[in-house]
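Participant: The structure follows.
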Amino acid sequence: MENRYASHPREVKAFDTTRLREEFLIEEMFKPDQLTLTYTHVDRFIVGGALPVKGSVKLEADAKSIGAATFLERREIGIINVGGAGTVTVDGETYAMASKDCLYIGLGAKEVLFASDDGAQPAKFYLNSTPAHKTYPTVKAAISEASPNHLGSLTNSNERTIYRYIHTGGIQSCQLVMGMTLLKDGSMWNTMPCHTHNRRSEVYFYFDMPEDGVVFHLMGEPQETRHLAVRNEQSVISPSWSIHSGVGTSSYTFIWGMAGENQIFEDMDAVAMKDIK
1298 MENRYASHPR EVKAFDTTRL REEFLIEEMF KPDQLTLTYT HVDRFIVGGA LPVKGSVKLE
1358 ADAKSIGAAT FLERREIGII NVGGAGTVTV DGETYAMASK DCLYIGLGAK EVLFASDDGA
1418 QPAKFYLNST PAHKTYPTVK AAISEASPNH LGSLTNSNER TIYRYIHTGG IQSCQLVMGM
1478 TLLKDGSMWN TMPCHTHNRR SEVYFYFDMP EDGVVFHLMG EPQETRHLAV RNEQSVISPS
1538 WSIHSGVGTS SYTFIWGMAG ENQIFEDMDA VAMKDIK
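Right under this line is the structure:
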């Protein structure tokens, strides 16, 4: 499991492109028959992916990394399938996972196994995990069961639908909030006008992009913006002090996960367009 440490905004002002990418971009999320994990000290988030092809992949991390005998001993996890059909088995109970299905697993689950229905079209399980203090039930939700919110307009190139899976009005959790945003054809901007939320951090995962597609993800303090060139199936760690917005060369989909002081989706500090630099 790779470790990433928290960075002060004063330091980030001086980062070059290479350093920005090293600190905030996760470039490879899926490796065949492996579990790929990145531990960030930003709100103790773990971001990862499982790509089962020939057999099942087990959710585990070495005890030294998380100080626990099992992955979910003191954690919760949200999983969204972005590939072919597959299954997640939690302590012997199997959940069928179609594309864009979400599964929440609460604190205390002992064994989690990822598998694909067809290795030729494998499932791709994207996951976010955060520390937890209470056990909530394991719950699965299809995208049709998520809470939709239609925003933006084609005129502003940001017509999109936000689907909330794990949130105060949906799947219950200790602190993890997780969902997905789908941009309509012809729309390329997300989260603009932008905002920050000093009470929690966020991780973005971009996918459903063409091979030559790029999203220019904007980050940094509102008056000190920087950008990352993000390709398909890559993630960006967004600290609480940073904006998190982007524009693509075509439409795309992204998964957002949040953790921190509260779970109120609307709790954000809006940034006026005139104040962005």
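Position in the sequence shown (from 1) plus 1297 gives the number in the working numbering. Just so you know, even glycine gets a beta-carbon here, dropped at the ideal spot from N, CA and C.
So, is S1413 buried or exposed, given that buried needs 16 or more other C-beta atoms within 10 angstroms?
Facilitator: Buried, since its Cβ has 16 or more Cβ neighbours within 10 Å.
Participant: Cutting at 6 Å between CB atoms, please list the residues of its own chain near L1410, excluding the five before and the five after it.
Facilitator: Contacts found: S1353, K1355, T1386.
Participant: In the DSSP assignment, the alpha helix (DSSP H) including E1320 goes from what residue to what residue?
Facilitator: Looking at the DSSP string, the run of the alpha helix (DSSP H) that includes E1320 is 1314-1321.
Participant: By the three-class DSSP mapping on this structure, what secondary structure does K1571 have?
Facilitator: Helix, per DSSP.
Participant: Identify whether A1438 lies in helix, strand or coil by the three-state DSSP scheme.
Facilitator: Strand.
Participant: Give every residue of the same chain whose Cβ lies closer than 6 Å to the Cβ of N1446, excluding the five residues on either side of it in the sequence, and list them in chain order.
Facilitator: The answer, listed in chain order, is I1459.
Participant: Quick check on this structure: which residue in A1303, A1420, P1306, A1438 has the alpha carbon closest to the alpha carbon of Q1331?
Facilitator: Comparing Cα-Cα distances from Q1331 to each of A1303, A1420, P1306, A1438, the minimum goes to A1420.
Participant: Check whether the Cβ atoms of L1404 and A1429 sit closer than 7 Å, and answer yes or no.
Facilitator: Against a cut-off of 7 Å, the Cβ pair of A1429 and L1404 comes out as a contact.
Participant: Tell me which same chain residues have a C-beta within less than 8 Å of the C-beta of V1568, skipping the five on either side of it?
Facilitator: Cβ neighbours of V1568 beyond the five flanking positions: P1490, C1491, H1492, T1493, P1519, I1540.
Participant: Any beta carbon from chain B within less than 7 Å of A1526's own beta carbon?
Facilitator: Reference to chain B is not applicable here, since this structure consists of a single protein chain.
Participant: Taking the alpha helix (DSSP H) that P1306 belongs to, which residues open and close that run?
Facilitator: Taken as a continuous stretch (DSSP letters only), the alpha helix (DSSP H) holding P1306 covers 1306-1309.
Participant: With three or more C-beta pairs closer than 8 Å as the rule, is the stretch 1306-1316 touching the stretch 1468-1486?
Facilitator: No, the stretch 1468-1486 does not touch the stretch 1306-1316.
Participant: I need the DSSP call for A1412, collapsed to helix, strand or coil.
Facilitator: A1412 falls in the strand class under three-state DSSP.
Participant: Counting pairs of Cβ atoms below 8 Å between the stretch 1357-1367 and the stretch 1381-1395, do you hit three or more?
Facilitator: No: fewer than three Cβ pairs fall under 8 Å.
Participant: Near Y1302, which residues of its chain fall below 7 Å by C-beta distance, leaving aside the five closest residues on each side in sequence?
Facilitator: These residues qualify, in order along the chain: H1338.
Participant: Using 10 angstroms around the beta-carbon of E1373, count the other beta-carbons present and answer buried if the total reaches 16, otherwise exposed.
Facilitator: Buried, since its Cβ has 16 or more Cβ neighbours within 10 Å.
Participant: Which residue from E1499, V1512, V1527 puts its Cα closest to that of F1342?
Facilitator: Measuring from the Cα of F1342, the nearest candidate turns out to be E1499.
Participant: What's the gap between the Cα of K1431 and the Cα of G1483?
Facilitator: Spanning the two alpha carbons is a distance of roughly 43 Å.
Participant: Measure the C-alpha to C-alpha separation of G1517 and S1535 and round it to an integer number of angstroms.
Facilitator: The alpha-carbon atoms of G1517 and S1535 are separated by roughly 9 Å.
Participant: Please name the residue or residues paired with Y1336 in a DSSP beta bridge.
Facilitator: Beta-bridge pairing links Y1336 to N1300, I1343.
Participant: Less than 8 Å between the CB atoms is what I'm expecting for R1457 and F1562, so what's the real figure, rounded?
Facilitator: No, R1457 and F1562 are not in contact; Cβ-Cβ is about 15 Å, not under 8 Å.
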